[in-house]
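Engineer: Top line first, the protein sequences correspond to chains A and B. Per the working numbering, the very first residue in the first sequence carries number 609; after that it's consecutive. Per the working numbering, the very first residue in the second sequence carries number 47; after that it's consecutive. Don't be surprised by glycine CBs; every beta carbon is placed ideally from N, CA and C. A quick note: this is a predicted structure, and the numbers were derived from the prediction, not measured.
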Amino acid sequence: MTNTQLKPMILSISLLILLLGIWELSIPKQQMATELTEYEMLMGGAQPKAGVPPPSEIFSKAVAELSDPFYDAGPNDKGIGIQIGYSLYRVLSGYGLAALVAIPFGFLIGMSPLMYRALDPYIQVLRPISPLAWMPLALFIIQDSEQSAIFVIFICSIWPMLINTAFGVAGVRKDWINVAKTHELSVWKTAYFVILPAAAPTILTGMRISIGIAWLVIVAAEMLVGGTGIGYYVWNEWNNLDLTSVIFSILVIGVVGMLLDSVFGILQKRVTYQE
Amino acid sequence: MSKAFLSVEGLTQKFPSPETGELTVFENINFKVEKGEFITIIGHSGCGKSTILNVLAGLDEATSGAVIMEGKEVSGPSLDRGVVFQNYSLLPWLSTLSNVTFAVESRHPDWSKEQVKDHAMKYLELVGLSGGVEQRKPSQLSGGMRQRVSIARAFATQPKLLLLDEPFGALDALTRGTIQDELLKIWAGTNQTVFMITHDVDEAIYLSDRILLMSNGPYATVAESVEIEIPRPRSRASIVEDPLYYEIRNHLVHFLTSRSKEIDGKAQSAIDKAHPNVVRLSEKKSERAAAQTDIEKKNLKAS
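#1: Within its chain, find whatever has a CB closer than 8 Å to the CB of residue 162 of chain B; leave out the 5 residues flanking it on each side and keep chain order.
#2: Could you pull out every residue in the same chain whose Cβ sits closer than 8 Å to the Cβ of residue 316 of chain B, ignoring the five residues on either side in sequence?
#3: Rounded to whole angstroms, what's the CA-CA distance from residue 123 of chain B to residue 102 of chain B? Just pull it up for me.
#4: What residue range does the beta strand (DSSP E) around residue 61 of chain B cover?
#5: Is the beta carbon of residue 831 of chain A sitting closer than 7 Å to the one on residue 843 of chain A?
#6: Skipping 5 residues on each side, what residues in its chain have a beta carbon closer than 7 Å to that of residue 96 of chain B?
#7: Could you run through the stretch 761-793 of chain A and flag, in chain order, every residue whose CB is less than 7 Å away from some CB of chain B?
#8: Under the three-state reduction of DSSP, which class applies to residue 77 of chain B: helix, strand or coil?
#9: Run down chain B in chain order and give the residues with a C-beta less than 7 Å from the C-beta of residue 805 of chain A.
#10: Report yes if the C-beta distance between residue 691 of chain A and residue 838 of chain A is below 7 Å; otherwise report no.
#11: Spell out the partners DSSP gives residue 112 of chain B in its beta bridges.
#12: Does the CB of residue 129 of chain B have a neighbour CB from chain A at under 7 Å?
#13: What residues of chain A sit near residue 183 of chain B, judged by a beta carbon separation below 8 Å?
#14: Label residue 61 of chain B either buried or exposed according to how many other C-beta atoms from any shown protein chain fall within 10 Å of its C-beta, with 16 as the threshold for buried.
#15: Along chain B, which residues have their Cβ under 9 Å away from the Cβ of residue 802 of chain A?
#16: Can you find a C-beta in chain A that's less than 7 Å from the C-beta of residue 290 of chain B?
#17: Between A:620, A:623 and A:684, which lies nearest to residue 846 of chain A when the distance is taken from Cα to Cα?
#18: Taking Cβ to Cβ, would you say residue 130 of chain B is nearer than 7 Å to residue 85 of chain B?
#19: Please report the straight-line C-alpha distance between residue 646 of chain A and residue 850 of chain A, rounded to a whole angstrom.
#20: So, using beta-carbon positions, are residue 260 of chain B and residue 272 of chain B closer together than 7 Å?
#21: Is there a Cβ of chain A sitting closer than 7 Å to that of residue 144 of chain B, yes or no?
#22: For residue 764 of chain A, collect the residues of the same chain with a Cβ closer than 7 Å to its Cβ; drop the 5 residues on either side in sequence, then sort them by chain order.
#23: Using 8 Å as the Cβ pair cut-off and three pairs as the minimum, do the stretch 132-144 of chain B and the stretch 778-785 of chain A touch?
#24: Residue 133 of chain B versus chain A: which residues are under 7 Å apart at the beta carbon?
#25: So, is residue 624 of chain A buried or exposed, given that buried needs 16 or more other C-beta atoms within 10 angstroms?
#26: Can you say whether residue 313 of chain B is buried or exposed, counting buried as having 16 or more other CB atoms within 10 angstroms of its CB?
#27: Taking Cβ-Cβ distances below 9 Å as the criterion, which residues of the stretch 75-107 of chain B are in contact with chain A?
#28: Determine, using beta carbons only, whether residue 209 of chain B and residue 190 of chain B come nearer to each other than 7 Å.
#29: I'd like to know if residue 152 of chain B contacts chain A, where contact means its C-beta is closer than 7 Å to some C-beta of that chain.
#30: So who's on the other strand from residue 278 of chain B, going by DSSP bridges?
#31: Taking C-beta pairs closer than 8 Å, name the residues in chain A that residue 210 of chain B reaches, listed in chain order.
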């Protein structure tokens, strides 16, 4: 490993240790109650006061959860792997549907200034709407909480992909279009052979932004629709006042989001070309 | 009457302009090109050379006038008219080889993959790009190499007319010289008809059969067609020793520095718009020589 990689790594790890250390030490040890009040005796012993758990507790929670991520002990007690799986399923289906709509429409808008001007007002009005605002309407029309969550993901991930695709397609260098023209490429061939690879980096940027937003939104959506998923899991553990699980699942959300993003980062690198 | 391979008739280009309402870039452009000819066109920036080339390519449409190739009017781009752009216009995500094979494929959709590849490689070898270079991306090539790829791509589709838009403009003088030689070599081998834009007087003389001189815009027009009567094959070293070389060069430079300004705007009615004046400097020279001997004779008599 080279020096440039090693140094930031050491710094990064020491920062982590430092912060975790401060966190661990700043939480007062739960004092053993010397004398139980009458109420406490009625409740069957001293309940330690609920507080933010120290990192060590979260770590042991993580080890316990991750050693058996797929257990299923009824509707309110599923392994973290199952919850993540549900969330990923919703994100990917909503996102996939959005890509199927956004990329062809983005091409259309990008290639035709007429369509761009005609559709732009709709995009500008629909885009700033918080995806969760669609939830009641979706629940009413679709009448299925599962599909409503997918719809919310669909609607939130469509805009960055649509706008970036249109932008990328419209910005393809005129010379390359001329090359396609002088070689008598058909419209479809031009789109596939010249415009798609030329706009691919911009399209992938849109897709990367979208997957990030979709992952942000799914947590909130699942808190609303309930039942399964990592968002529901967080809320459920909050209701159980199990802050260790809450913090653990927050970390899991972060890690999964990072992995999703890095997948698109790799894809993006693959389609990027140097002029 | 027009049996010429390519005939440009009364080409005029006007653009809307905020000040005058309409800007006439060039007007009533007429010229003919014979099969196998190497024609260059010279003129100052803004006279609409590139627009003419784009109209010939079918990428632009002129306001009025027509381009007729082999008896048919040109409308829209076609594989029959290959273009080499100044900025090479290679597709950066494709390898050098693929940049040529895609062109060959579009020309010969019925060919097998091997056939396409062999054909592409043949032309890449002609411009001196082989032995692994063909697998590189354009970004890994020098400017000169990129322009070679672009030339190979254009020749590989075997167009009836090859259009070169200042192909050497962005190259350094040494590279330019080598690629000019390569271009001449391929041209001689294929008998391709070439129409080229350039700013470089020496380049034009070295390469062309005929040079079209454009006056300055607005209202630019093709004022003269100068025939280069220097025998081929030409070589860079010996061409300057040809008695006509400096005659032609001076004529061109004189045109570009002073006369191109005079023949614009209203003054253009003075020249015959229907046909550019054909200039043969060998005739001029002999005329002048004759005049010179007359004077000498007179002088002799006087003394």
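Structural biologist: With the structure as the only source:
#1: Looking up residue 162 of chain B in the second sequence gives position 116. Taken in chain order, the residues that qualify are 147, 150, 151 and 154.
#2: Residue numbering aside, residue 316 of chain B sits at position 270 when the second sequence is read from its first letter. Only weak support is given to the placement of residue 316 of chain B: the predicted model assigns it a pLDDT of 46, under 50, and the value that follows is read from those uncertain coordinates. Taken in chain order, the residues that qualify are 309.
#3: Mapped onto the second sequence, residue 123 of chain B falls at position 77. Mapped onto the second sequence, residue 102 of chain B falls at position 56. Taking the straight line from one Cα to the other gives about 9 Å.
#4: By one-based count along the second sequence, residue 61 of chain B stands at place 15. Segment 52-63, the beta strand (DSSP E) holding residue 61 of chain B.
#5: To locate residue 831 of chain A, count along the first sequence from 1; it is residue 223. To locate residue 843 of chain A, count along the first sequence from 1; it is residue 235. Contact: yes.
#6: For the purposes of this step, residue 96 of chain B is identified with residue 50 of the second sequence, where counting begins at 1. So the list reads 211 and 243, once near-sequence residues are dropped.
#7: 783, 784, 786, 787, 789, 790, 791, 792 and 793
#8: Residue 77 of chain B sits at position 31 when you count from the first residue of the second sequence. In this structure, residue 77 of chain B counts as strand in the three-state DSSP scheme.
#9: Translated into the one-based positions of the first sequence, residue 805 of chain A becomes position 197. Simply 139.
#10: What you label residue 691 of chain A is simply residue 83 of the first sequence in a count that begins at 1. What you label residue 838 of chain A is simply residue 230 of the first sequence in a count that begins at 1. Yes; because the gap between Cβ atoms is below 7 Å, this pair is in contact.
#11: Within the second sequence, numbered from 1, the residue matching residue 112 of chain B stands at position 66. For residue 112 of chain B, which the question treats as bridged, DSSP gives the partners B:55.
#12: Position 83 of the second sequence holds residue 129 of chain B. At least one chain A Cβ lies under 7 Å of residue 129 of chain B.
#13: In the second sequence, residue 183 of chain B corresponds to position 137, counting from 1. Residues of chain A passing the Cβ test: 881 and 882.
#14: Position 15 of the second sequence, counted from the first residue, corresponds to residue 61 of chain B. Exposed, by the Cβ-count rule.
#15: What you label residue 802 of chain A is simply residue 194 of the first sequence in a count that begins at 1. Residues of chain B passing the Cβ test: 137.
#16: Position 244 of the second sequence, counted from the first residue, corresponds to residue 290 of chain B. Judged by the 7 Å Cβ criterion, residue 290 of chain B is not in contact with chain A.
#17: Translated into the one-based positions of the first sequence, residue 846 of chain A becomes position 238. Comparing Cα positions, the closest option is A:684.
#18: Sequence index remark: in the second sequence, residue 130 of chain B carries index 84 (1-based). Sequence index remark: in the second sequence, residue 85 of chain B carries index 39 (1-based). No, the Cβ-Cβ distance between residue 130 of chain B and residue 85 of chain B is not below 7 Å.
#19: Stepping through the first sequence from its first residue, residue 646 of chain A is reached at position 38. Stepping through the first sequence from its first residue, residue 850 of chain A is reached at position 242. If you take the alpha carbons of residue 646 of chain A and residue 850 of chain A, they lie about 25 Å apart.
#20: The residue you call residue 260 of chain B lines up with position 214 of the second sequence. The residue you call residue 272 of chain B lines up with position 226 of the second sequence. In this structure, residue 272 of chain B does not lie closer than 7 Å to residue 260 of chain B by Cβ.
#21: Reading the second sequence from its first residue, position 98 is the one you call residue 144 of chain B. No, because no Cβ of chain A sits closer than 7 Å to the Cβ of residue 144 of chain B.
#22: Here residue 764 of chain A corresponds to residue number 156 of the first sequence, with the count starting at 1. Around residue 764 of chain A: 739, 821, 822 and 825.
#23: yes
#24: Residue 133 of chain B sits at position 87 when you count from the first residue of the second sequence. Here the neighbours are 783.
#25: In the first sequence, residue 624 of chain A corresponds to position 16, counting from 1. Label assigned to residue 624 of chain A: exposed.
#26: To locate residue 313 of chain B, count along the second sequence from 1; it is residue 267. With a pLDDT of 49 at residue 313 of chain B, under the threshold of 50, the modelled position of that residue is not reliable, and the figure given next carries that caveat. Exposed: under 16 other Cβ atoms inside 10 Å.
#27: 100, 103, 104 and 105
#28: The residue labelled residue 209 of chain B in the question sits at position 163 within the second sequence. The residue labelled residue 190 of chain B in the question sits at position 144 within the second sequence. It is not a contact, given that the beta carbons lie outside the stated cut-off.
#29: Counted from its first residue, the second sequence places residue 152 of chain B at position 106. Yes, residue 152 of chain B lies at the interface with chain A (some Cβ there is under 7 Å from its Cβ).
#30: Residue numbering aside, residue 278 of chain B sits at position 232 when the second sequence is read from its first letter. DSSP, once it has assigned bridges, lists no residue as partnering residue 278 of chain B.
#31: Stepping through the second sequence from its first residue, residue 210 of chain B is reached at position 164. Here the premise fails: no neighbours, minimum Cβ distance about 13 Å.
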